[in-house]
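First up is the structure itself, then whatever we jot down about it.
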Amino acid sequence: MVLERAGEPLRVAELVDPIPPRGQVLISVHACGVCRTDLHILDGELNEPKLPLVPGHQIVGTVVGGGEGAERFARGRRVGVPWLGWACGECRYCLSGRENLCDRARFTGYDVDGGYTELVVADERFCFPIPDDYSDEQAAPLLCAGVIGYRALRLLGDAERVGFYGFGASAHILCQVAVHQGRRVFAFTREGDGETQAFARRLGAEWAGSSDEQPPEELDGAIVFASVGALMPVALRASAKGARIVSAGIHMSDIPAFPYEILWGERTLGSVANLTRRDGEEFLDLAPRVPVRTETSIYPLAEANRAMEDLRSGAFRGAAVLSAMAPSGDSG
Ligand SMILES: [Zn+2]
Ligand SMILES: [Zn+2]
Numbered sequence: 001m002v003l004e005r006a007g008e009p010l011r012v013a014e015l016v017d018p019i020p021p022r023g024q025v026l027i028s029v030h031a032c033g034v035c036r037t038d039l040h041i042l043d044g045e046l047n048e049p050k051l052p053l054v055p056g057h058q059i060v061g062t063v064v065g066g067g068e069g070a071e072r073f074a075r076g077r078r079v080g081v082p083w084l085g086w087a088c089g090e091c092r093y094c095l096s097g098r099e100n101l102c103d104r105a106r107f108t109g110y111d112v113d114g115g116y117t118e119l120v121v122a123d124e125r126f127c128f129p130i131p132d133d134y135s136d137e138q139a140a141p142l143l144c145a146g147v148i149g150y151r152a153l154r155l156l157g158d159a160e161r162v163g164f165y166g167f168g169a170s171a172h173i174l175c176q177v178a179v180h181q182g183r184r185v186f187a188f189t190r191e192g193d194g195e196t197q198a199f200a201r202r203l204g205a206e207w208a209g210s211s212d213e214q215p216p217e218e219l220d221g222a223i224v225f226a227s228v229g230a231l232m233p234v235a236l237r238a239s240a241k242g243a244r245i246v247s248a249g250i251h252m253s254d255i256p257a258f259p260y261e262i263l264w265g266e267r268t269l270g271s272v273a274n275l276t277r278r279d280g281e282e283f284l285d286l287a288p289r290v291p292v293r294t295e296t297s298i299y300p301l302a303e304a305n306r307a308m309e310d311l312r313s314g315a316f317r318g319a320a321v322l323s324a325m326a327p328s329g330d331s332g
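Here this note's numbering is used: the first residue of the sequence shown is 1, the next is one more, and so on.
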């Protein structure tokens, strides 16, 4: 499935099989998660994608070939390809363990073609082995919703009472991790979304309500998953002194002005950007031990546009995944 111009639906296309260059593996794609970032790219809110582009950066598949020097994975090995497709290894960010901030980073399904397709090439150094505990479809959302969410959760330090604003693919995974770590989770959804609130409680949230409600206790930290800037001061108003509020999205509408007194008391606002390979290795080691269970809505590859529109409208709970195995016309 190919994006030719922002603002247009993806188009079905016959692509030439990619040939893996030096150090890259050729992967037969089994499943690819659908991320809100893909919607931002489709909508033209991230302005420099490669075009035409195959989107998708939560890829699970098996290695079927490799370029010169690609020896990390045996043929037939199941691997995952995340958003960070390449980093330079030389800049001040890369050299200080922050390759997620690399100035020259290349991102999967943005700067290079991603996984809304049957065959993809990827730099083997940035791929992850996938834990055996997960099916292809269950594993796909771990690669971005899980890994980048995990990075955001780590930025909250040892916050005990954590708020999640927006309870989609990422929050439904992180809720399980946070509870496993002994934190108390407070989940915020769109107004009146009782079904998602019940879903959050089922996954261990102590309290769930609408984002315009005050939680029963102050929050020690919060992650804003929804791309709604107005939620940043909302989260500040619900937080205790010293709380950190982190935006986990790559794009957010403007944050409205707010009185200094709600930031006072050493509260901080921040963001999380991308992932490092260490984040991925740590999280994929942790996930089966929680154990994280992902709830997925499965779509055939050819119905990527429907999957994206369902994500936009909040038509499912958990994560959307495109599957090579899903029969046409079936979902859920
Ligand atoms: Zn993503
Ligand atoms: Zn770099």
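Beta carbons: idealized from backbone N, C-alpha and C, even for Gly.
Which of helix, strand or coil DSSP assigns to LEU155: helix
Worksheet item: Helix, strand or coil: which one does DSSP assign to THR296?
Response: strand
Original post:
So, helix, strand or coil for ARG5, using DSSP?
Top reply: coil
Per DSSP, the bridge partner or partners of GLY270: VAL246
_Here's the rule I'm using: 16 or more other beta-carbon atoms within 10 Å means buried, otherwise exposed. How should ARG183 be labelled?_
buried
- Where DSSP assigns a beta bridge to SER28, which residues make up the other side? THR62, LEU119
Exercise for review: Give me the Cβ distance between ALA169 and ALA145, rounded to the nearest whole Å; I'm assuming they're in contact under 8 Å.
Suggested key: 4 Å
For THR189, report the span of its alpha helix (DSSP H) as first-last.
Looking at the DSSP string, THR189 is not in any alpha helix (DSSP H); the run it does join, the beta strand (DSSP E), is 184-189.
**Message:** Given the structure, does PRO264 come close to ligand 1, in the sense that its CB is under 7 Å from one of the ligand's heavy atoms?
**Reply:** Here residue 264 turns out to be Trp, not Pro, going by the sequence shown. Outside the cutoff, so no.
| query | Pick from ASP254, SER28, GLY270, GLY56: whose alpha carbon is nearest that of PRO141? | reply | GLY56
Q.
Going by DSSP in three states, SER313 sits in which element: helix, strand or coil?
A. helix
(message) Just checking HIS172 against ligand 1 - is the residue's beta carbon closer than 7 Å to any of the ligand's heavy atoms?
(response) no
Runs of 3 residues minimum, wholly inside the stretch 34-104: which ones carry the beta strand (DSSP E) assignment?
59-66, 78-81, 84-86
Quiz item: Which word fits ASN274, buried or exposed, when buried means at least 16 other C-beta atoms lie within 10 angstroms of its C-beta?
Solution: buried
Review point. Taking all protein chains shown into account, do 16 or more other C-beta atoms lie within 10 angstroms of the C-beta of TRP86, making it buried, or fewer, making it exposed?
Key: buried
> Per DSSP, PHE126 is paired with what?
Replying inline: Bridge partners of PHE126: none, in fact.
Worksheet item: In chain order, what residues of the same chain have a beta carbon less than 6 Å from the beta carbon of ASP136, not counting five sequence neighbours either side?
Response: HIS30, ALA31, VAL60
Segment limits, beta strand (DSSP E) that includes SER323:
319-323
Which residue marks the beginning of the beta strand (DSSP E) containing SER210, and which one marks its end? 207-210
If distances are taken between C-alpha atoms only, which option among ARG190, ALA6, TYR299, PHE128 comes closest to VAL224? ARG190
- Would you give the residue range spanned by the alpha helix (DSSP H) that VAL179 belongs to? 169-180
Worksheet item: Which word fits GLN181, buried or exposed, when buried means at least 16 other C-beta atoms lie within 10 angstroms of its C-beta?
Response: exposed
query = Can you tell which of GLU124, GLU266, VAL147 has its C-alpha closest to the C-alpha of GLN24?
reply = GLU124
Could you tell me the distance, in whole angstroms, from the CA atom of VAL2 to the CA atom of GLU217? 46 Å
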